[in-house]
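Step one of this worksheet: look at the structure below.
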Amino acid sequence: MEDRSTTGSWRNKLGFWKWAIASVLFRLILTYFSKNLNLSSRPEVSTPLTSLRRLAEGYWLKQLSMSPYSGSMYHGSPLLLSILGPLTVKKIGGLSSELLCSLVSVVADFISAILIRATGTSLVRAHLRNWKSLGLDKLSKGNEVVPSGDIAALVYLWNPFTIVSCIGFNTSAIENMFVVMSLYGASAGLVPLAAFGWVVSSHLSLYPIVLVIPVVFLLGYGLDAPPRKLFALSNLQGGEKRSTDHAELNSLNDKFSKTNFSWWRVIIFFLWASVWTSYVLIMCVISMKEYGGLGEMFKRTYGFILAIEDLSPNIGVLWYFFAEVFDFFRNFFLIVFHVNILFMILPLAIRLNHRPCFLAFVYLAVSSMLKSYPSVGDSALYLSLLVLFVNELAEMQFTFFLFCGYVGISLLSPVMHNLWIWRGTGNANFYFATAIGYACFQIILVVESVSAMLNHDRKIRKLCNKV
Amino acid sequence: MAEVSAVVKPKPRPIIRIGLFLISHSLFVSIVCCIAGVLALLLLPVLAKNTYISENALMPGSASAMLSSDDASDGHVFLNKIMSISSMSKNSGIEIPELIAKHITESGGEVNYHKFQPLSDSFHPLQFFVGPDAGIVQDNYSSTSYGVNTVGIVRAPRGDGKEAIIIVTPYNSVKPTTSEALSLGVAYSVFTLLSRVSWLAKDIIWVAADSRHGEHAAVAAWLRDYYTLSSGDLEHEVTSVKREGVSNGFRRAGTMAAALVIKVADSSTGFEKDGLKIYAEASNGQMPNLDLINIDNYLAVHGQGLQVRVEKIWSLLDSWWLYSLGELQELIGKVAKSLNPGWKFGIPASDYVEGCATLASSLYNQALGVPTGPHGAFRDYQVDAITLEFSPRFSSSQRVLFLLHVGRLVEGVIRSVNNLLEKFHQSFFLYLMTSPSRFVSVGIYMIAFALLIAPLPLAAAALFSDASKSKSPGESIPTSPAWNWLYAAKTVLIVHLWGAIVTIIPYLLHQSPDSSPLTSLSMWIASSAILLFFTRAASGSLPFSRASQLQTSEWTLLKAVTVATAFIGLCLMSVINYATAEIGALLLVPMCLMAVPLRADLKAKTMKAVVRGACNLLLVFVGFPPAAFLLSKVALAGFDRVRLDDFWNWTESLREWNSATYIYICMVHLPCWVLCIHILLHRR
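Respectively, the protein sequence lines represent chains X and D.
Going by full-length UniProt numbering, 272 is the number at position 272 of the first sequence; the sequence numbering is gapless.
Going by full-length UniProt numbering, 468 is the number at position 468 of the second sequence; the sequence numbering is gapless.
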């Protein structure tokens, strides 16, 4: 295994398990002090959708045999209510009830990190294999291949955003886990797992529904690779030059045949997805039986997400806009903003269809930018997915600028909020300014990473032509 | 901060082209911006505007004052009674509150006593990010010395009881001085008048705050109890109805519209008129709405003929360089006026110097982040409040006249605030005063700051693009050029984490009492230095660590990251407390921009290099926080008055008042200073 030896030196230096366990311990320590930090009331951390405080409220309403959705407090899934609800009232030995829920978040974060690592490992393996099959492995002797999976997992575990949202008493860690699970399932070829992750994450927060495209590409074409016509090209050239080496040629032919879309797995995926969907819906029907059924659930969860009913400030830009807009334009702009996400799906899917994992990152970043109730947990997810492509994005521009921007905004935004809400010397515009700044940095991140990825593909094509 | 985009792309976008142009001339632009920033700061007194009353509803002075000389003489009688109690040999501290309570009930107000204990200091470094604590009040009356605030309330005949105006008179209940008694007399005469008038639309609360444990502590304790609902509230309400007269239950009125703290200075003014000094700075440079100061100033000057002053730094008044600057700007103003009569800028040189001294004091007080009086406690609850310190012309005679003037002023201010329909919101919250009737608003003073820190991102971008261009090919950097700043960022992050630990050390030192300030200071410095050494040693074990490579690779990257973090820190601080950021930027910006390894300068042995090295050493010396503090003290107070442990006491007071300046010094300034030294000592 050649890839093992090249990445081995890095891997030893990194000490993944040491740092992963350290991060879990760090989280546990912070969890103990979470009451003092009072992160659960921060608008950046917990949104109306993800807040566990609201979930506890919904659970109480349900215990009193009222609809959990009455009073516009809870807007999450009824299944989460049944699973996490009992945890919000249970106390262990005088410790606060938040502790148990935070433990769930810690476990979810850890699982996500492991899955990201596994995805990254297979991505690196695919990367090396592709370079070899294109005959570029001799050119790339100079630069080592970085074990991006390990780094991405560590970035996920040690990202302040992840840590804050993990101990901030909300469900975004769990939502992220299902998103990562579907990506891992698709990249490892575990179709039922991919379908399960996709269905549950879409059920929990609606936006991951767009991930169906990358998942289908992943299942159909396989992992991220250079553009497929390059394989065809190099296959021909390689066939002429190295015709003596039959074994290698055969393997290359295998590769070439693999670039065909395998409909079979996609059909299985959709079958599984429908199985899981019906399963989830039946569970929802059972738990919502006495409170208005599925219609009520759809209205109060997805309707709440799409209609942007809660205009309390958050790090997104929509709350301010819809607080200002006249009521008779409201529906029009709702459509405009949501279609914005949908508009980007198709062009991106066409341009990046050979790199489905990266496509998933782009979708997640775009949707976390245009989401109705974004939180830092979403950023945590796409930032660590970005690190998965550290080998491909080596030439990315503005990295330092973006880093400074993210650090600056994430410090400035709470200060502006403090100035507005607690000190009274600022106003909503102060806080919204940081939200706009944050959105701009996200846009720059997406634009630069996509263009860096396309440049990388161009570079490969040039190298192939040389070879 | 465009990086190397032009090298890769054939046609960069126009905005990137502008960025590249600025970056390629970053040295020139930096120098111009820095000088312009300092100049703009010095020009602020010239750019100051006259204050005006922005809220129409206030209508100051539109009604004639109702306070008669009878009320004033009532106040005088009250004053004499307090003085007679204070001259009694045995005084347990409850007689005066009883006397005040009796008089309040006689004039028709409601009374209650508020017992409190001063809180022990607590340190909340995160309060600027998170917001105030959720009101954790510990009832822990262990020791016997509590203070007793006497609170009187007049219910407004025309109001709905939802709003209130506060008058605060701090006094020492055990041994009140004559001036404290005078302030009580003023408050009493106004209070009796207000209990009779028919125009009152907001309740009046008179807090006679017991200043045995400090004025601020008393007011803060009362406010804390006013705003936190304790469980005993309801039962007190029931019992207080049964008993006649004074109740121990906590009485409340509505939300506070404004608060006035009335004090009388001990010393008389040297002027012909009675004086009024306005203090407005609350914690962390927060100011009350400018309208509140405006109506005070307007009524005092035009209504009662008082001499109004705000604080200024006296030693600046007779500095020759400031005066010559003032003359220069006056001359320029005259020349400009002769060219075009429409151009009016330039103020008389003496006004300029006075404005500068006031501005400097305003900046310093805001930068300290320590409130200048009991009014500071109100700002923590978003209530606009100021302290009015009157200084009588004569020390003993004509007190009734003094009471009449001051009482009418207070009445007029209350009447104006009474007219308010909403919270104060029309006028400015962010401003600096250059005289009682002139101010610099945020839009103008931000220019000076923005010019001063504009070179930082430019320098960072320039250094960054230099570093990525001049990378020697032989060096094997494991990741790509786009990510090689990560090593420098790691160093910077570690130093800033070290800064966070340094912030906490004095809190730990504080736990062990009876150590002299000097030993505490030296322990603080020594432990910080040891910790820095250890963190440097321990940082080698982190992943991504290439200590050997970092030393051989360019220091420019490290400087770029340092400059960028300094920029972020200063921007952040300018939002929390502008004055700190401005003063900090004056020290930090030149230091960060100049830093170049000394070895390179020594090797070069040119005149320019030697001068640069000397400048670096000087800046680093001045940039060390204790050195900067002591030097400024020497400059203002003279050499003989300065002691080394002043610095410890100063930081201690900042810490106790939860000042953002303390956090800034430890978590932004100090790490940047250490990083600059790191760059200076870099092995090239």
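Just so you know, even glycine gets a beta-carbon here, dropped at the ideal spot from N, CA and C.
Range of the contiguous alpha helix (DSSP H) that encloses X/TYR320:
318-324
Whole-angstrom distance between D/LEU79 and D/ASN418, CA atom to CA atom
27 Å
Measuring straight from C-alpha to C-alpha, what distance separates X/LEU411 and X/ALA435?
12 Å
Where D/ALA564 meets chain X, residues with beta-carbon distance less than 7 Å:
CYS404
Could you name the residues of chain X that D/ILE18 contacts, counting a contact when the two beta carbons are closer than 9 Å?
None at all; the shortest Cβ gap to chain X is about 15 Å.
Can the beta-carbon of D/ALA628 be found closer than 8 Å to that of D/VAL622?
yes
Fully enclosed by the stretch 377-401 of chain D, which beta strand (DSSP E) runs are 3 residues long or longer?
384-391
Please tell me whether X/THR399 has its Cβ less than 8 Å away from any Cβ of chain D.
yes
With 8 Å as the threshold, decide whether the Cβ of D/VAL575 is near any Cβ in chain X.
yes
Take D/TRP657 as the anchor and find which of D/SER527, D/GLY369, D/LYS115 has the nearest alpha-carbon.
D/GLY369
I need the straight-line Cα distance from D/ASN577 to X/VAL146, nearest angstrom please.
44 Å
Extent of the continuous beta strand (DSSP E) to which D/THR255 belongs
255-264
Residue nearest to D/ALA72 in terms of C-alpha spacing, selected from D/ALA462, D/GLY185, D/VAL174:
D/GLY185
Short CB-CB distance (under 8 Å) between D/ASP139 and chain X
At D/ASP139 the pLDDT is 45, less than 50, meaning the model places this residue with poor confidence and gives no usable figure here.
Given X/LEU381, which residues of its chain have a CB within under 7 Å of its CB, disregarding the five upstream and five downstream residues?
ASN176, VAL179, LEU364
Closer than 8 Å, CB to CB, is X/ARG53 near chain D or not?
no
Roughly how many whole angstroms lie between the Cα atoms of D/THR95 and D/ILE85?
It should be noted that the sequence gives Glu, not Thr, for residue 95 of chain D. Approximately 7 Å, taken between the alpha carbons.
Within 7 Å of chain X by C-beta, residues of the stretch 360-389 of chain D in sequence order:
GLN382
Counting contacts by CB-CB distance shorter than 8 Å, is X/ARG117 in contact with chain D?
no
Between X/GLY426, X/ILE460, X/TYR431, which has its C-alpha nearest X/GLU392's C-alpha?
X/ILE460
D/ILE568 versus chain X: which residues are under 9 Å apart at the beta carbon?
CYS404, VAL407, GLY408, LEU411, LEU412
Quick one: which residues of the stretch 420-452 of chain D get their C-beta closer than 7 Å to a C-beta of chain X? List them in chain order.
PHE429, LEU430
Ends of the beta strand (DSSP E) at D/ASP203?
203-210
Quick check: the Cα distance between D/PRO455 and X/LEU318, rounded to an integer number of angstroms?
34 Å
Mind checking if X/VAL325 is an interface residue toward chain D, Cβ cutoff 8 Å exclusive?
no
Spatial distance of X/THR47 from X/PRO313 (CA atoms):
9 Å
If distances are taken between C-alpha atoms only, which option among D/ALA566, D/ARG224, D/GLY285 comes closest to X/CYS404?
D/ALA566
For D/PRO590 and D/ALA360, the rounded distance between their alpha carbons:
21 Å
Let me know if D/CYS672 comes out buried or exposed under the rule of 16 or more other beta-carbons within 10 Å of its beta-carbon.
buried
Tell me whether D/THR177 sits in a helix, a strand or coil according to DSSP, three-state version.
coil
Helix, strand or coil, according to DSSP, for D/PHE116 in the structure here?
strand
Does the distance from the CB of X/GLU296 to the CB of X/TYR69 come in under 8 Å?
yes
Taking the beta carbon of D/ALA208 as the centre, do at least 16 other beta carbons fall within 10 Å, making it buried, or is it exposed?
buried
Measure from the alpha carbon of residue 468 of chain X to the alpha carbon of each residue in X/LYS299, X/HIS354, X/LEU334, X/PHE361, then state which is nearest.
What is shown of chain X runs 1 to 467, which leaves residue 468 of chain X out entirely.
Would you please verify whether the beta carbon of X/VAL415 is less than 8 Å from any beta carbon of chain D?
yes
Applying a beta-carbon distance threshold of less than 7 Å, which residues of chain D neighbour X/ARG458?
Those within 7 Å of X/ARG458 in chain D number zero; the least Cβ separation is about 11 Å.
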